[in-house]
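Colleague: Would you mind keeping the following structure in view while I ask a few things?
Residue numbers (this note's numbering): 9 to 148.
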């Protein structure tokens, strides 16, 4: 799968992800950080699943409904846990990340409510891993 690791994800995570056969780029290799909106837009343009620790991407995707090619948000993980956790998520939910509409994801549970108190139909929650948000099919 094609992945874009956000700057907050350890660059060392690229090695095991690439070894597992994934096409990975890390935003930390860029000369400057273009900001969350540009990172998400680039990931979408290149068909890359965004891997991040930053909850602001969830707002861009859920609240602002910005187009994306899938997102994995890692929560409370050390740098050494990031790649193994990402590999596990990709193994278990890779198909859903790439093909299921945003309002559904097999094997995941609804995240509950959004910030505004409304049920969130655009995200799913994997226990202890954070939101897993499949791309919006209507954005394609």
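Think of the CB as a built atom: it goes at the ideal place given N, C-alpha and C, for glycine as much as any other residue. Since the model is a prediction, treat every value here as computed from it, not as a measurement.
Mind reading off the beta-carbon distance from residue 68 to residue 104? Whole number of angstroms is fine, and I expect it under 8 Å.
Modeller: Not really, about 20 Å apart at Cβ, beyond 8 Å.
Colleague: Taking residue 95 as the reference, which of 32, 60, 25, 33 has the closest Cα?
Modeller: Selected option, being the one with the closest Cα: 25.
Colleague: According to DSSP, residue 38 sits in a beta bridge with which residue or residues?
Modeller: None; residue 38 has no bridge partner.
Colleague: Going by DSSP, name the residue or residues bridged to residue 72.
Modeller: Partner(s): none; residue 72 has no beta bridge.
Colleague: When you compare the CB positions of residue 80 and residue 47, do they come within less than 8 Å of one another, or not?
Modeller: No, they are not a contact pair.
Colleague: Measure the alpha-carbon distance for residue 88 versus residue 100 and round it to whole angstroms.
Modeller: Looking at the two C-alpha atoms, the distance is approximately 20 Å.
Colleague: Taking the beta strand (DSSP E) that residue 13 falls in, what are its first and last residues?
Modeller: From DSSP, the beta strand (DSSP E) with residue 13 extends over 10-13.
Colleague: Which residue comes first and which comes last in the alpha helix (DSSP H) that contains residue 48?
Modeller: Here the alpha helix (DSSP H) through residue 48 covers 44-53.
Colleague: Could you tell me the alpha carbon to alpha carbon distance between residue 10 and residue 72, rounded to whole angstroms?
Modeller: So the two alpha carbons sit approximately 24 Å from each other.
Colleague: Taking only the alpha-carbon atoms, compute the straight-line gap between residue 82 and residue 93 and give it to the nearest angstrom.
Modeller: The alpha-carbon atoms of residue 82 and residue 93 are separated by roughly 8 Å.
Colleague: What is the residue span of the alpha helix (DSSP H) that residue 25 lies within?
Modeller: Element bounds for residue 25: 22-27.
Colleague: Mind reading off the beta-carbon distance from residue 77 to residue 51? Whole number of angstroms is fine, and I expect it under 8 Å.
Modeller: That pair is a contact at about 6 Å.
Colleague: In terms of residues, what are the limits of the beta strand (DSSP E) holding residue 59?
Modeller: Taken as a continuous stretch (DSSP letters only), the beta strand (DSSP E) holding residue 59 covers 57-60.
Colleague: Output the distance between the C-alpha atoms of residue 14 and residue 42, rounded to the nearest integer angstrom.
Modeller: If I take the Cα positions, the gap works out to 11 Å.
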